[in-house]
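Position one of the sequence shown corresponds to residue 86 (this note's numbering), numbered consecutively onward.
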Amino acid sequence: YFGLTFPKVAYLGTEPNGLDTARAHPELAQNVSYSEEFIPSPNEDLRATFVRLDKAIQTAHAKAKTHEVETLVLDNITYLSNNRWLYISEHEKKFGKGGELDTRGMYGELGKWLYRFTLFNLCSFPGNVVVTCHEQREGDEALSDKVDPTVPIVPNILGGFRNKAAGMFSSSLYLGVKKVDGKHHYFARCLKGDLRAAKNRYGLSEIIEDVSYQKIINEISKKG
Numbered sequence: 086y087f088g089l090t091f092p093k094v095a096y097l098g099t100e101p102n103g104l105d106t107a108r109a110h111p112e113l114a115q116n117v118s119y120s121e122e123f124i125p126s127p128n129e130d131l132r133a134t135f136v137r138l139d140k141a142i143q144t145a146h147a148k149a150k151t152h153e154v155e156t157l158v159l160d161n162i163t164y165l166s167n168n169r170w171l172y173i174s175e176h177e178k179k180f181g182k183g184g185e186l187d188t189r190g191m192y193g194e195l196g197k198w199l200y201r202f203t204l205f206n207l208c209s210f211p212g213n214v215v216v217t218c219h220e221q222r223e224g225d226e227a228l229s230d231k232v233d234p235t236v237p238i239v240p241n242i243l244g245g246f247r248n249k250a251a252g253m254f255s256s257s258l259y260l261g262v263k264k265v266d267g268k269h270h271y272f273a274r275c276l277k278g279d280l281r282a283a284k285n286r287y288g289l290s291e292i293i294e295d296v297s298y299q300k301i302i303n304e305i306s307k308k309g
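What follows is the structure, encoded as structure tokens:
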């Protein structure tokens, strides 16, 4: 919902039925200029799915040059990382010297692919970029290795890239929803707190109620 409040969206979906939100909200649907979904299926080899994703990224960049698109939304990187792991497991298996499956090396490949994909395709986009992600509670063993163990709620991204992803973006916002007087109100945590390492480089308030693109622009304008 939040991502679709941005202007002239190129929506790239890895979440089944991700565009249902737009279909249910005409005011959001009008913000979608281009969309394509990348859901693995028995009718398409995963190689072809990722080839389509690469082409869609190129299309979004091209449309940004002609001002047909102002925002690139990837919904979501949680499923993208899982789908890439399926791809690696199917097409890029690694084996040790004894012939055993080298899952550690495969996770390494996953991390390198996610970093390259994010850097080349998302960070280079000449406009707004919104990457959605589920959240998870870090396990005790992984948490003990973190620099700051007070933030156990982390991005739900398969492999070690979840520890690097936030640093590649200007904002890492944690979204929530609460019910007030029978209505749902969406909010964003923009600074560290509530067990989450939220951050931003725009001077946003700790919490933005009913968060949207315009609310964020208004916040930035007030700080300016």
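Here a beta-carbon is modelled for each residue, glycine too, at the ideal position from N, C-alpha and C. On a predicted model such as this, the values are computed, not experimentally measured, just so you know.
The beta-carbon distance between L97 and A147, rounded to whole angstroms, is 14 Å. This is too long to meet the 8 Å contact definition. Nearest in C-alpha terms to G212, of all of L199, A95, A227, is A95.
Excluding residues up to 5 positions away in sequence, V262, K263, K264, E294, D295 lie with their Cβ nearer than 8 Å to the Cβ of H270 in the same chain. By the Cβ-count criterion, I302 is exposed, with fewer than 16 other Cβ atoms from all chains shown falling within 10 Å of its own Cβ.
Shown here, Y287 sits in coil according to DSSP, grouped into three states, outside any helix or strand. Taking L159 as the centre and dropping the five residues before and after it, the same chain places the C-beta of L97, V216 closer than 6 Å to its C-beta, in chain order. Straight across, the Cα-Cα distance linking L204 with A251 is about 12 Å. Around the CB of T163, 16 or more other CB atoms lie within 10 Å, so the residue is classed as buried. The residues P125, N168, L171, Y172, E175, H176, in chain order, have a CB closer than 8 Å to that of L131 in the same chain once the five nearest residues on each side in sequence are set aside.
The alpha carbon of G88 has as its nearest neighbour, out of P101, G245, T106, the alpha carbon of T106. Cβ contact annotation for K150 (same chain, cutoff 8 Å, sequence separation greater than five): P211, in chain order.
Contact annotation, I242 with L280: C-beta distance approximately 17 Å; criterion of less than 8 Å not satisfied. For S174, the enclosing alpha helix (DSSP H) stretches over residues 162-176.
When G103, K182, Q115 are compared, the shortest CA-CA separation from F91 is found for Q115. Taking C-beta atoms under 8 Å as the contact rule, R286 and S306 fail to qualify, at a distance of about 15 Å. Residue V154 holds the alpha-carbon nearest to the alpha-carbon of V117 among L138, K178, V154.
For V136, there is no enclosing beta strand (DSSP E); the residue is part of the alpha helix (DSSP H) that begins and ends at 131-150. Where F272 is concerned, the enclosing beta strand (DSSP E) starts and stops at 268-274. In the DSSP assignment, E112 falls outside any beta strand (DSSP E) and lies within the alpha helix (DSSP H) extending over 111-114.
The residues S257, L258, Y259, R274, C275, L276, K277, in chain order, have a CB closer than 7 Å to that of A283 in the same chain once the five nearest residues on each side in sequence are set aside. Here F180 is exposed. Its C-beta has fewer than 16 other C-beta atoms within 10 Å.
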